[in-house]
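Numbering (full-length UniProt numbering), first residue to last: 1 to 933.
Heads up, the beta-carbon is just placed ideally off N, CA and C, and yes, glycines get one too.
Shown next, in structure tokens, is the structure this report addresses.
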Amino acid sequence: MGSHTMGSHHDLDAGINRYDDDDDHDPFYITSTKNAPINRLRRWRMFLWEAWQDLTLIILMVAAVASLALGIKTEGIKEGWYDGGSIAFAVILVIVVTAISDCRQSLQFQNLIDEKRNIHLEVIRDGRRVEVSIYDLVVGDVVPLNIGDQVPADGVVISGYSLSIDESSMTGESKIVHKDSKNPFLMSGCKVADGSGTMLVTGVGVNTEWGLLMASISEDTGEETPLQVRLNGVATFIGIVGLAVGFIVLFVLLIRFFTGHTKNPDGSVPFTPGKTKVGDAVNGAIKILTVAVTIVVVAVPEGLPLVVILTLANSMRKMMADKALVRRLSACETMGSATTICCDKTGTLTLNQMTVVEAYAGGEKIDPPDSNSQLSPMLSSLLIEGIAQNSNGSVYVPAGGGNVELSGSPTEKAILKWGIQLGMNFGAARSESSIIHVFPFNSEKKRGGVAVKLPNSEVHIHWKGAAEIVLASCTNYIDINNQLVAMDEDKATYFKEAIDDMATHSLRCVAIAYRSYMEKVSDNEEELSQWVLPDNDLVLLAIVGIKDPCRPGVKDAVRMCQIAGVKVRMVTGDNIQTARAIALECGILTSEADASESIIIEGKAFCELADSEREEIAEKISVMGRSSPNDKLLLVQALRKRGHVVAVTGDGTNDAPALHEADIGLAMGIQGTEVAKESSDIIILDDSFASVVKVVRWGRCVYANIQKFIQFQLTVNVAALIINFVAVVSSGDVPLNAVQLLWVNLIMDTLGALALATEPPTDNQMQRPPVGRREPLITNIMWRNLLIQAIYQSSVMLVLNFSGKSLLNLEHDTSDHANKVKNTLIFNSFVICQIFNEFNARKPDEKNIFTGITKNRLFMGIVVLTVVLQILIIEFLGKFTSTIRLNWKHWIISVVIGFIGWPLAFIGKFIHVPATPLSSIFNRCSRQSNTQS
């Protein structure tokens, strides 16, 4: 079948060796923006339609149309369209800006989804293993498959050892299907549950079942994060208050209007019962309704859910640059609350660049480790056979000479490189015997094995794995004289001490052993797949110590976590001595004295504890050695029961339960299997612990930015409601009209959200303890800040409203002109107050509000844009906003009023507020009063 699909230039072992443009190899494309461009206009129309659905905006639009019709009827088309037209234009502007903003975020999420689906995998081409994107896979490619991989395309099995596939994603049945020559067909999108093998690609992209499925579904980005749910609650409460104020304003104004207490700017009464025309009365009532509805529009903080999406989208994009791909939105914000990180050693804390630096073979230490002169011929031959055959990696020797290319896991590559140094010819060693059965490396058993058949029909079984575990199964070793020697107690102790010595120097210890198998091996494929490789009476061939240096900067990253109140715990499959040495090197353990029994524990010992003991000791654990994936899961469960917010790193298929159980699962992008990535919330693309710490920084930044925006928005809400409410109830006059309030709403919601949602993380955020999940969104510090500003703003505006004419020397002007100047100054001052207050909101708890301001160009851009638009509105668009041009003195007054907000905020930060949230204090007081009563 392979040759038929491929044509003459294809070799099943070497893969494709030529790529002609006229070949029928269609690159693999999953339906995504990379190949099926999204119709942006159609998408934008959809968001426009959604933004239009807002009930308050619909009421305003109806009011605008009615006002437009009545205005044209009473005043003629030249003058009468301004009121209604202004409101309609302002509403349309709000809808368009909201739709553009939503559409941009949606496209950003789509790009992240494409990145998430862009799996990188190894294929065999030209006889060598090369890494390609899943989008570049072609029909005829030969793909190696290992445990945890996703089957990248439709195809057939070429060869496989215990290859079992989980087809539940396609068939819906959770049965694991064994694949062999009788059942060789593989479906794209399924996962490799066990074993290993190679496949020939026969169908890609939308020509596969999985491709068709992915083309027909769109990934849901509409999940509500916990923070959004909480914000919706805050928004609903504020909305109800705004609605109540709006109804009171409507009620008071209508009564004053129809009882003749309302006066026009020129002093005349707009409504006299029995004399005023119906059209004029309806027009007056519509204007009142418009003001009341606008108050509700300003009060309803629809910007709150928007700011979460904006902040998350911005941080997801920036985290991508920091080598972290977010798979679940909620993980962004949860990461800010993380109290502990359980992380792997290999590749996360270390570089994952392994080399063999110590070796024991022939019963003694080989020095240097790559010297083959100390090895006897039989030992050398068996060792090379074991290294070549019992390996998932491969060696590619370029035809024209040059450097040898190694592929496989870092441990495999280190051992293969050592084998080459000992004189191994990988291709020749593989061809001298044939593999008949494989036991893939298993993180539970900490070893992997292979059975090979020699030309003389002799069967050798090779094992490789954790040194002390393999050593425990060895009863013999081969000495330097080529003799098989029984493993006595002294020799076993010698090897154990060698392992401990290497481990204390932070080396990973791997033992290589073999045994002969004299019984007949079945030729039946089904019986072979059930055969359990014997792992007793082994002959020790070698023990190697592999050095994996710590990542540069990991010590600083661990220290940063500790300062931030996040405990770092190392969970590794390596032996306890290696784990301790690396933990000391990384700063997880600060000194040898730290390394007590309760802080360092073996996975097996932890697993055997009772539940209550396990929870108690989990709190103290800093290092867990020789841990299995199940031990990691138990540790996560114990820590969560103790109230911790747990982040876990993982790369293997068996890590999936722990990644799923943790509050934040962090899969490794380089070493991680597809199963691990599917179970995770965030993928760390460079496998580095420093990137994990950056995720914590961004998590805290998300939470802080949302709090900044809440403080900013609530200040505007409270001030606008107080100003209009007090003015209406006392005088029946509204200083801020509908169009002006809609402009304030635009500054506050969309532009304010954009400015504050994109603030970058600061070092200061990593010097505080994590934010508890139950902590209120609005802290006492925020209440202090917003009340100071809201009281100041509303007081100044109300003083201007009631005494503005005398304060501004406008008594000699006409009543109409004086009122317009006063109301324009109130509107201008109010907007400028918000511009100055935007700076205050950047740093709610820091006295210097200008720190790092140059780093956020978008913030500065939005401030400049708001100032320019405000100047245009006041100086040139007075007809629409019912304002008039202000002279330079009035502009200075407006700026001074806004500027006073800065020193006020500075002085306010010296006012001490209790750490206990206000809600808790009120609850305690109410409980005490209930108890007393």
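As assigned by DSSP and simplified to three states, the class of residue i
| i | result |
| --- | --- |
| Ala-610 | coil |
| Val-201 | strand |
| Ser-529 | helix |
| Ala-14 | coil |
| Thr-33 | Any reading at Thr-33 needs caution, since the residue's pLDDT is 30, under 50, leaving its predicted position unreliable; the model's value is listed next. The answer is coil: DSSP assigns Thr-33 none of H, G, I, E or B. |
| Pro-455 | coil |
| Pro-629 | helix |
| His-890 | helix |
| Arg-773 | coil |
| Leu-910 | Before going on, a small fix: residue 910 reads as Phe here, not Leu. Note: Phe-910 maps to coil in three-state DSSP. |
| Thr-340 | strand |
| Thr-475 | strand |
| Met-424 | coil |
| Pro-903 | helix |
| Gly-260 | coil |
| Trp-463 | strand |
| Asn-442 | strand |
| Gly-852 | coil |
| Asp-24 | Unreliable placement is indicated for Asp-24, whose pLDDT of 46 sits below 50; no coordinate value is reported for it. |
| Leu-375 | coil |
| Met-560 | helix |
| Ala-64 | helix |
| Pro-144 | strand |
Identified DSSP bridge partners for residue i
| i | result |
| --- | --- |
| Ile-165 | Val-177 and Val-192 |
| Phe-185 | Val-156 |
| Gln-150 | Lys-191 |
| Lys-365 | Tyr-360 |
| Trp-52 | None, per the DSSP bridge assignment. |
| Ile-480 | Paired residues: none, contrary to the question. |
| Gly-665 | Val-648 |
| Thr-355 | Lys-547 |
| Glu-131 | Glu-122 |
| Tyr-517 | Val-459 |
| His-437 | Ala-451 |
Closest Cα partner of residue i within the set the options
| i | options | result |
| --- | --- | --- |
| Asp-54 | Val-94, Asp-13, Lys-491 and Val-138 | Val-94 |
| Ile-826 | Phe-802, Glu-811 and Thr-475 | Phe-802 |
| Leu-312 | Leu-756, Ser-169, Ile-835 and Val-62 | Leu-756 |
| Ser-433 | Pro-761, Gly-233, Leu-310 and Lys-453 | Lys-453 |
| Arg-700 | Ala-658, Ser-894, Leu-227 and Gly-603 | Leu-227 |
| Ala-753 | Val-863, Ile-387, Ala-658 and Glu-775 | Val-863 |
| Gln-150 | Leu-186, Val-97 and Ile-124 | Leu-186 |
For residue j and residue i, believed in contact at Cβ under 8 Å, the rounded distance
| i | j | result |
| --- | --- | --- |
| Ala-193 | Ser-159 | About 18 Å separates the two Cβ atoms, so there is no contact after all. |
| Ile-621 | Leu-635 | 7 Å |
| Val-201 | Leu-145 | The Cβ separation is near 11 Å, so there is no contact. |
| Val-771 | Lys-547 | About 40 Å; that fails the 8 Å criterion. |
| His-644 | Thr-339 | 5 Å |
| Gln-711 | Leu-786 | 5 Å |
| residue 954 | Gly-127 | Outside the shown range of the chain (1 to 933) lies residue 954, about which nothing can therefore be said. |
Contact set for residue i: own chain, Cβ-Cβ below 7 Å, skip 5 residues either direction
| i | result |
| --- | --- |
| residue 956 | Shown here, the chain extends from 1 to 933; a query on residue 956 therefore has no answer. |
| Asp-687 | Gly-347, Thr-348, Asn-352, Met-668, Gly-669, Ile-670 and Gln-671 |
| Asp-23 | Because Asp-23 sits at a pLDDT of 45, beneath the cut-off of 50, its placement in the model cannot be relied upon, and the following sentence gives the value as read from the coordinates. Same-chain partners within the cutoff: there are none. |
| Ile-911 | Arg-784 |
| residue 934 | It is not possible to answer for residue 934, since the shown part of the chain is limited to 1 through 933. |
| Val-554 | Leu-349, Cys-586, Phe-689 and Ala-690 |
| Val-702 | Thr-311, Leu-312, Ser-315, Cys-332, Glu-333 and Gly-336 |
| Pro-769 | Gly-565 |
Residues near residue i in its chain [Cβ-Cβ closer than 6 Å; skip 5 each side]
| i | result |
| --- | --- |
| Ile-176 | Ser-164, Asp-166 and Ala-193 |
| Ala-499 | A small fix is needed here, since residue 499 is Ile in this sequence, not Ala. Result list for Ile-499: Ala-467, Glu-468 and Cys-509, in chain order. |
| Val-157 | Lys-179, Pro-184, Gly-197 and Met-199 |
| Ser-394 | Arg-129 and Ser-407 |
| residue 936 | Outside the shown range of the chain (1 to 933) lies residue 936, about which nothing can therefore be said. |
| Phe-859 | Ala-755 |
| Asp-479 | Gly-362, Gly-363 and Val-485 |
| His-437 | Ala-451, Leu-528 and Trp-531 |
Close Cβ partners of residue i (< 8 Å) along its chain, the five nearest in sequence each way excluded
| i | result |
| --- | --- |
| Arg-559 | Gly-587 |
Closer than 8 Å: residue i CB and nearest the ligand COA heavy atom
| i | result |
| --- | --- |
| Gln-711 | Summarising the ligand content, the structure contains no ligands, and the ligand COA is consequently not present. |
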